[in-house]
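See below for the structure under consideration.
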Amino acid sequence: MELDDTDREILEALQEDARTPFSEIARRIDMSSATVHDRVNRMEDAGVIEGYHAKVDPKALDYGISAVVGLQVEQGQEQDTLGRLEDVPGVQEVHLTTGSWDVLMRVYAQDADRLRELMFDNIAQMDGFARSQTMVILGTPYETEELPIDGSEV
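Under our numbering, the sequence shown has 2 at position 7, and the numbering climbs by one with no breaks.
Pasting the structure below:
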């Protein structure tokens, strides 16, 4: 789908706050609410907008530890392993990668004991598991889900 400047302005407003009413977006870009609604529907249908969600603080749910895990799997087992990782409680993100690790994951656990259980009792026991490296996240000074809307910003 080809995005025009108006689509990009709508996306920018929704990235800032997905709960912004269409009437407010329409006022900002001097357009009718119905047109904004139609454009948002078109971008949703085309897969440009993948969804809306609430960002929840993991600490509010007693997840005291976050870690990045590099995982190597046996050759030919990547797809099976990726599918099984989706079902492991605490696994938040799974990325198929190039380089030293076949898979990079972000995981959450309540504490160090639960992180150990997650790694040793769940992930390391999977068919296809070769080895892993777990890096505990000590802090996150910057994180965003917003993408630059104007490609020239990259």
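Glycine is no exception: its CB is placed at the ideal position from the N, C-alpha and C atoms.
Just so we're clear, the structure is a prediction, and the values are computed from it rather than from any experiment.
Out of the options, which has the shortest C-alpha to C-alpha gap to residue i?
{"i": "A62", "options": "Q72, I24, T15, R111", "result": "R111"}
{"i": "P53", "options": "G78, I144, G134", "result": "G134"}
{"i": "E(-3)", "options": "R37, E141, L66", "result": "R37"}
{"i": "A21", "options": "V102, L91, I5, D0", "result": "I5"}
{"i": "P84", "options": "S27, M100, R23", "result": "M100"}
{"i": "E69", "options": "M130, S27, V131, A119", "result": "A119"}
{"i": "N117", "options": "L80, T92, E138", "result": "L80"}
{"i": "V31", "options": "L56, D(-1), I60", "result": "D(-1)"}
{"i": "T129", "options": "P136, D25, E140, V102", "result": "V102"}
Check for me: the beta strand (DSSP E) holding residue i runs from which residue to which?
{"i": "R101", "result": "98 to 104"}
{"i": "R126", "result": "124 to 131"}
{"i": "H90", "result": "86 to 91"}
Taking Cβ positions only, does residue i come closer than 8 Å to chain C?
{"i": "G94", "result": "In the displayed structure, chain C is absent; only one protein chain is listed."}
With the cut-off set at 8 Å, would you say residue i and residue j are in Cβ contact?
{"i": "Y58", "j": "A104", "result": "yes"}
{"i": "W96", "j": "L66", "result": "yes"}
{"i": "R23", "j": "T1", "result": "no"}
{"i": "L91", "j": "L77", "result": "yes"}
What distance in whole Å lies between the Cβ atoms of residue j and residue i, which are believed to be in contact at a cut-off of 8 Å?
{"i": "R3", "j": "D145", "result": "7 Å"}
{"i": "F98", "j": "V89", "result": "In the sequence as displayed, the identity of residue 98 is Val instead of Phe. About 6 Å; that satisfies the 8 Å criterion."}
{"i": "V64", "j": "S18", "result": "The Cβ separation is near 44 Å, so there is no contact."}
Go to residue i, then tell me how far its alpha helix (DSSP H) extends in each direction, as first and last residue.
{"i": "F17", "result": "17 to 24"}
{"i": "S61", "result": "Where S61 is concerned, there is no enclosing alpha helix (DSSP H), although the beta strand (DSSP E) it sits in stretches over 60 to 68."}
{"i": "H32", "result": "28 to 40"}
{"i": "G78", "result": "73 to 80"}
{"i": "Q10", "result": "0 to 11"}
{"i": "D108", "result": "107 to 111"}
> Any chance the region 111 to 120 sits against the region 39 to 48, with 3 or more Cβ pairs inside 8 Å?
Replying inline: no
> Within the chosen definition, does the region 121 to 130 reach the region 65 to 75 through at least 3 CB pairs nearer than 8 Å?
Replying inline: yes
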